[in-house]
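Enquirer:
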Amino acid sequence: MALFDKDFLTKLEYLSIVSRKVFRGQLMAQRRTMQLGSGIEFADHRQYTAGDDFRYLDWNLYARHGELLLKRFQEEEDLHVYLLLDCSKSMASGDPQKFDLARQVTAALAYIALSDLDRISVYAFANGVLNHFPLTRGKARILSLMKFLEELRADGEGTNMSELTREFVLRAPRRGLALMLSDMYDPSGFRKGLDVLRHHKFEPHVIQIHHPAEANPKLLGDVELHDIETDDLRKMTITEKHLRNYRDVYERFLQSIRDYCSTYGMGCTITDNSITFDQLVLNMMRATGIA
Amino acid sequence: MSFSNPAALIWAALAVPIVIFYILKIRMRRVPVSTTMFWQQVFDEKAPRSIWQQLRHLLSLLLQLLFLALLVFSLTDPFFNSDVRQQRRVIVVVDTSASMQAKLEDDTTRLDAAKQQIQKMIQSLKSRDEMAIIVAGNQAHVACGLTSHQRTLQNHLDNIKATDGPTQVADAVEVGRRLLADHAKGEVVVVSDGCFTEAVGIAADPKVVWAQIGEPADNLGLTRFQVRRSLLDPIGFQILVEVSNFSQTNADTSLDLNFNGELLDVIPLKLEPGEVWSRVFEKTSTGGGILLAAIAAEDQLPADNAAQAILPERLRIPVTLVTNGNWFLERVLAANDVVDLTVTSTIPTELPPGGVLVLHQTVPQKIPAGKVFVVQPTTSTDLWKTAGAVTEPLVAKQDKENDLMKYVRLDNVLMPEANVLQPKTEFKALVEAISGDPLYLHFARPEGDVIVLSVNLDQGDLPLRTAFPIMLTNALSWFADGKGELVEAIATGIVTDVSLPPELQLLAQQNSQKLALIAPSGSKTLINVEASVARIGPLAEAGIWTLGTPLTDEQLQAITQETADAQAAFPEFKIACNLNSPSESNLRPTQDIIPQQEALQAGFGGRPIWFYLVLVGFLLIMVEWFLFQRRWIS
Chain A
57 MALFDKDFLT KLEYLSIVSR KVFRGQLMAQ RRTMQLGSGI EFADHRQYTA
107 GDDFRYLDWN LYARHGELLL KRFQEEEDLH VYLLLDCSKS MASGDPQKFD
157 LARQVTAALA YIALSDLDRI SVYAFANGVL NHFPLTRGKA RILSLMKFLE
207 ELRADGEGTN MSELTREFVL RAPRRGLALM LSDMYDPSGF RKGLDVLRHH
257 KFEPHVIQIH HPAEANPKLL GDVELHDIET DDLRKMTITE KHLRNYRDVY
307 ERFLQSIRDY CSTYGMGCTI TDNSITFDQL VLNMMRATGI A
Chain B
6 MSFSNPAALI WAALAVPIVI FYILKIRMRR VPVSTTMFWQ QVFDEKAPRS
56 IWQQLRHLLS LLLQLLFLAL LVFSLTDPFF NSDVRQQRRV IVVVDTSASM
106 QAKLEDDTTR LDAAKQQIQK MIQSLKSRDE MAIIVAGNQA HVACGLTSHQ
156 RTLQNHLDNI KATDGPTQVA DAVEVGRRLL ADHAKGEVVV VSDGCFTEAV
206 GIAADPKVVW AQIGEPADNL GLTRFQVRRS LLDPIGFQIL VEVSNFSQTN
256 ADTSLDLNFN GELLDVIPLK LEPGEVWSRV FEKTSTGGGI LLAAIAAEDQ
306 LPADNAAQAI LPERLRIPVT LVTNGNWFLE RVLAANDVVD LTVTSTIPTE
356 LPPGGVLVLH QTVPQKIPAG KVFVVQPTTS TDLWKTAGAV TEPLVAKQDK
406 ENDLMKYVRL DNVLMPEANV LQPKTEFKAL VEAISGDPLY LHFARPEGDV
456 IVLSVNLDQG DLPLRTAFPI MLTNALSWFA DGKGELVEAI ATGIVTDVSL
506 PPELQLLAQQ NSQKLALIAP SGSKTLINVE ASVARIGPLA EAGIWTLGTP
556 LTDEQLQAIT QETADAQAAF PEFKIACNLN SPSESNLRPT QDIIPQQEAL
606 QAGFGGRPIW FYLVLVGFLL IMVEWFLFQR RWIS
């Protein structure tokens, strides 16, 4: 079955409508930025300084009080949505692959953003940025985005999120919403990468996707574990007790993601890949209200 | 140490695949995972692997190799040479006679106690020892041949059942001696209660080990029980009962006689120790059936407290009397309870089946076929020629041995006149006058016997004498061919010939001279029948045995569905069988028997070495299983 079939497109349209009607378009687009400029909505006044545009002087106020005050307007601008898609080998695990769900969710979120007249850009990464879908706008671009996503392969060597974000902030022309779709299996920790985004005033949102077998493995006995990202081999004898410990460790890992996002007011969605993309997007809308 | 099967060492080659599997196992199963960072955390939290954990795979390999070595070693069936030198051959003779059914204090029987003793002997067998079990029941036979396999011996021992018959220990010991041959360490062990006459001699035999079972016990038993039809009374029968008291105390009991389930008589009995009480009872009944005698004694041997016998049915005889009138002859025949009398003046053309024709004075020229009794013939026939009369014939000669003359004495009988008969064919004179003329004679014809009395009944006192009805009764019994007089109750353990009634003979002919002998318990065996005689025995079970059709139950059922009158199609013949053995009823063995129980057991029974090797092997498997589990479940 193709990754983006006709049924997928139907669901995308549905999600777009739901996003607009139920959430009043507050999912991503039409967000008020904190930049003041040439919008139509009044914000406040400030003292006139030399060189200011006379057109924005509040003459009525000058007539009444004799002070030269400049009217300030809140500038409306389209939102920049950056979708950071993990293409490391670990995303290829599971059946169906976690990568498939990640790509579908990427396409869905991009479509919603494009429908809301926002600009989107997709960065495929592993231990750095592997590929890049440039900033674009308009619903018509969704097809080329899908083509881009379909051509992506989860074959990146390792996961290095700090390297990705350092490269990303340099490339991103403007700040905006940064949605990270990944399993977050970065041996050096996921925090460094998200910290970089935070420090550069991006609004990160974490979508952690894992396979149920990663949370609750069924391995027992003498096995040789092969890390498909690093090619590391570890011989071990796994007992029931080890499995219990593993489940604890993994749950602590997921909890640490939740805690981090909660601490810094970031959106966080944690899911396994048994869920469908549309259900996941709806869950995101309901639970976090990305806007 | 030697090996019975050194070729089994080839199985040691299985060590090669075990080592290969071990090496393959060391390579471990490779499992791809998304990341090992969580596993790393899990194992980093634990202490470094102990030496035990490092070595446990190697230990598993060693355990498996050791297990294989034990199995291979056990397959070679190793044995110690000393076992071969000390190999025993034990022949156990177990008495299964009726006395072994005697109950012990714990409500078990002597046979149960014997089995327990033999069981101990089986358990004491060493791996190279051999044992055989011979059953000394009705017939001595080998229940289990020489074997070292304890389970086989035990199974055969469990299947041994007590019989109601006498013992054949002497024969069984002889069979045992033949099985022993010249074995250096052979012994015949007799397990018996010693209640038989040869016990002392067998126990004294140095080559026989005697294992005494049971203690002397009191017993009261029926030692004889028979019934027969009365020879004088057509409807009477006589019962012979003998009760013996083998107790050391007085016996106060009663004897119940039942006929076809109805109480016939109750006789109170008081017997001194060792007394044998015998009595003949006379009863009457035309019908036949089963007669049961039972003594109300709660002793240790119930088998001899009851006995059964078959009373044959007195068959009714249709008699046609052709006479112009003779009151005596008519009355004598009419008075006979088994006679269906028809009086006529003309000779009938046909007789009913089994019927007897009595011709008085008037005789045809040719005596008709069938059984004919002729009184005072006046004319010549194809069998004799009349030659006048003889007056005052004196009886000179009587054939007293002949059944027709049983209880008949004509010495003092006044006979004024008799016709002189000159036989034309072969005959037998039963009574002769001084002149040599036969007065009472018998012609044996293929088409039916003819008995002729030439005496004039109208004169003289013969009709008034008791001899006259006896003569007629004898003649009728003769015509009946002695049937319906006696079906002897046979004793268990003996072989006897049984005369079959015509319907059974016919049944045997229809079934290739075979009949089924059905035991009281219902088990069926086929026996061969020669002409009119069936040889049966030795019967092991007391009760009513039945000779009947050899068809199987399924065949019978199929025929019954087709034929409504199936019972008539398959006649049966019942035979009573009783213990009737004073030696078996006497539960007091001879005191001279010295038990030699200490020689029975050879100490702790040894199992073969392979058994222990396999046992150790299984222990190793358990250890390996434990190690295996530890690898999977902490």
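Heads up: the protein sequence lines correspond to chains A and B, in order.
Start counting the first sequence at 57; every next residue gets the next number (this note's numbering).
Start counting the second sequence at 6; every next residue gets the next number (this note's numbering).
Just so it is clear, CB atoms sit at the ideal spot from N, CA and C, and this is done for glycine as well.
Bear in mind the structure is a predicted one, so any value in this text is a computation, not a measurement.
Quick check on the DSSP output: the beta strand (DSSP E) that includes residue 294 (chain A) runs from which residue to which?
Expert: Residues 289-294.
Enquirer: Give a yes or no on contact between the region 444-458 of chain B and the region 304-320 of chain B, applying the rule of three or more CB pairs nearer than 8 Å.
Expert: At 8 Å Cβ cutoff, the stretches do not touch.
Enquirer: When we look at the beta-carbon of residue 196 (chain A) and count the other beta-carbons within 10 Å, is it buried (16 or more) or exposed?
Expert: Residue 196 (chain A) should be labelled exposed.
Enquirer: Using a 10 Å radius around the Cβ and a threshold of 16 neighbouring Cβ atoms, would you call residue 321 (chain A) buried or exposed?
Expert: Its Cβ having fewer than 16 others within 10 Å, residue 321 (chain A) is exposed.
Enquirer: Return the bridge partner residues of residue 580 (chain B) from the DSSP annotation.
Expert: Looking at the DSSP assignment, residue 580 (chain B) forms a beta bridge with B:550.
Enquirer: Looking at the secondary structure, which residues open and close the alpha helix (DSSP H) in which residue 467 (chain B) lies?
Expert: First-last for residue 467 (chain B): undefined, no H or E at that position.
Enquirer: State whether the region 141-149 of chain A contacts the region 202-214 of chain A, with contact taken as three or more CB pairs (one from each stretch) at a distance under 8 Å.
Expert: Touching, per the Cβ criterion.
Enquirer: Taking the beta carbon of residue 614 (chain B) as the centre, do at least 16 other beta carbons fall within 10 Å, making it buried, or is it exposed?
Expert: Answer is buried; the Cβ neighbour count reaches 16.
Enquirer: Say whether chain A places a C-beta atom closer than 9 Å to the C-beta of residue 33 (chain B).
Expert: Answer yes: the Cβ-Cβ gap between residue 33 (chain B) and chain A drops below 9 Å somewhere.
Enquirer: Using a cut-off of 8 Å between C-beta atoms, extract the partners of residue 275 (chain A) located in chain B.
Expert: Under the 8 Å cutoff, chain B gives 36.
Enquirer: Under 8 Å Cβ to Cβ from residue 247 (chain A), same chain only, skipping five residues before and after it: list those, please.
Expert: Hits under 8 Å: 316.
Enquirer: Closest to residue 544 (chain B) by C-alpha separation, out of B:73, B:583, B:276, B:367, would be which residue?
Expert: Checking every option, the nearest Cα to that of residue 544 (chain B) belongs to B:583.
Enquirer: Short check: CB of residue 197 (chain B) to CB of residue 173 (chain B), under 9 Å?
Expert: No, the Cβ-Cβ distance between residue 197 (chain B) and residue 173 (chain B) is not below 9 Å.
Enquirer: Where residue 300 (chain B) and residue 231 (chain B) are concerned, what is the direct C-alpha to C-alpha distance, given to the nearest angstrom?
Expert: Distance between the alpha carbons of residue 300 (chain B) and residue 231 (chain B): 15 Å.
Enquirer: Does the distance from the C-beta atom of residue 175 (chain A) to that of residue 135 (chain A) stay below 9 Å?
Expert: Against a cut-off of 9 Å, the Cβ pair of residue 135 (chain A) and residue 175 (chain A) comes out as a contact.
Enquirer: Could you tell me which chain A residues have their CB closer than 7 Å to the CB of residue 48 (chain B), listed as they occur along the chain?
Expert: Near residue 48 (chain B) (Cβ distances below 7 Å), the residues of chain A are 292.
Enquirer: Going by beta-carbon coordinates alone, are residue 3 (chain B) and residue 285 (chain B) separated by less than 9 Å?
Expert: Given a span of 6 to 639 for chain B in the structure shown, any question on residue 3 (chain B) remains unanswerable.
Enquirer: Using the beta-carbon of each residue, which ones in chain B are nearer than 8 Å to residue 309 (chain A)?
Expert: Correct list: 43.
Enquirer: Compare the C-beta of residue 132 (chain B) with all C-beta atoms of chain A and state if any pair is closer than 9 Å.
Expert: Residue 132 (chain B) does not count as touching chain A.
Enquirer: So the alpha helix (DSSP H) residue 153 (chain A) belongs to, where does it begin and stop?
Expert: Unbroken run through residue 153 (chain A): none, as it is neither H nor E.
Enquirer: Note the first and the last residue of the continuous alpha helix (DSSP H) segment covering residue 323 (chain B).
Expert: Where residue 323 (chain B) is concerned, there is no enclosing alpha helix (DSSP H), although the beta strand (DSSP E) it sits in stretches over 322-327.
Enquirer: For residue 533 (chain B), tell me which candidate among B:76, B:527, B:265, B:516 has the shortest Cα-Cα distance.
Expert: When only C-alpha atoms are compared, the closest one is B:516.
Enquirer: Determine the DSSP secondary structure at residue 519 (chain B), reduced to helix, strand or coil.
Expert: In the structure shown, residue 519 (chain B) sits in a strand (DSSP, three-state: E or B).
Enquirer: With 9 Å set as the bound, which would you pick, yes or no: does the beta-carbon of residue 329 (chain A) sit closer than that to a beta-carbon of chain B?
Expert: Not an interface residue.
Enquirer: Quick one: any contact between the region 182-191 of chain B and the region 105-121 of chain B, if contact means 3 or more CB pairs under 8 Å?
Expert: Too few Cβ pairs lie closer than 8 Å, so no.
Enquirer: Under a Cβ-count criterion, where at least 16 other Cβ atoms within 10 Å of its own Cβ denotes burial, should residue 6 (chain B) be classed as buried or exposed?
Expert: Residue 6 (chain B) should be labelled exposed.
Enquirer: Going by other Cβ atoms of all chains shown within 10 Å of its Cβ, with 16 needed for buried, is residue 620 (chain B) buried or exposed?
Expert: Residue 620 (chain B) is exposed by the Cβ-count criterion.
Enquirer: Measure from the alpha carbon of residue 260 (chain A) to the alpha carbon of each residue in A:158, A:120, A:237, then state which is nearest.
Expert: Residue 260 (chain A) has its Cα closest to that of A:237, out of A:158, A:120, A:237.
Enquirer: Quick one: measure Cβ to Cβ for residue 138 (chain B) and residue 161 (chain B), integer angstroms, because I've assumed they're closer than 8 Å.
Expert: Indeed, because the Cβ distance is near 6 Å, the residues count as touching under 8 Å.
Enquirer: How many Å lie between residue 395 (chain B) and residue 438 (chain B) at the Cα?
Expert: If you take the alpha carbons of residue 395 (chain B) and residue 438 (chain B), they lie about 9 Å apart.
Enquirer: By alpha-carbon positions, which one of B:19, B:107, B:106, B:280 ends up nearest to residue 76 (chain B)?
Expert: Nearest C-alpha to residue 76 (chain B): B:19.
Enquirer: Could you confirm whether any beta carbon from chain B is found closer than 9 Å to the beta carbon of residue 289 (chain A)?
Expert: So yes, residue 289 (chain A) belongs to the interface.
Enquirer: If you measure from the beta carbon of residue 355 (chain A) to each beta carbon in chain B, is any gap under 9 Å?
Expert: This structure does not reach residue 355 (chain A), given that chain A is present from 57 up to 347, and the question cannot be answered.
Enquirer: Once the 5 residues before and after residue 352 (chain A) are set aside, which same chain residues still bring their CB inside 6 Å of it?
Expert: For residue 352 (chain A) there is no data in the structure shown, the boundaries of chain A being 57 and 347.
Enquirer: When the cut-off is 9 Å and only beta carbons count, does residue 40 (chain B) lie next to chain A?
Expert: Output row for residue 40 (chain B): interface = yes.
Enquirer: Which of the residues in the region 295-321 of chain A, read from start to end, lie with their CB under 8 Å from any CB of chain B?
Expert: Listed by position along the chain: 295, 296, 297, 298, 301, 302, 305, 306, 309.
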